[in-house]
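A short write-up of the structure that comes next.
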């Protein structure tokens, strides 16, 4: 893991995903807290550790199966 924090960007209120900046500074789209937890486990990141994770806009997520923009499937 690099010295960069794991950053979970704020949900914009309408997209079916949130962006996450990984420790290597690449971005991934995640659609649920469970998907984020799996990704964090791969990187050995503790989502509850503020030294490792920056939560922008809190822990708000799109509703499961909600895709108002019609961008999935």
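Numbering (this note's numbering), first residue to last: 7 to 79.
Glycine is no exception: its CB is placed at the ideal position from the N, C-alpha and C atoms.
Spatial neighbours of residue 28 in its own chain (CB-CB distance under 7 Å, excluding positions within 5 residues in sequence) are listed in chain order as 12, 34, 49.
Taken in chain order, the complete beta strand (DSSP E) segments of 3 or more residues contained in the stretch 39-74 are 59-61.
Between residue 37 and residue 22, the C-beta gap is smaller than 8 Å, which places the two residues in contact. Non-local C-beta neighbours of residue 62 in its own chain, meaning closer than 8 Å and more than five positions away in sequence, comprise 13, 14, 15, 16, ordered along the chain. With respect to the 8 Å criterion, residue 65 and residue 58 are not classified as neighbours on the basis of their beta carbons.
In the structure shown, residue 33 falls within a strand segment according to DSSP collapsed to helix, strand and coil.
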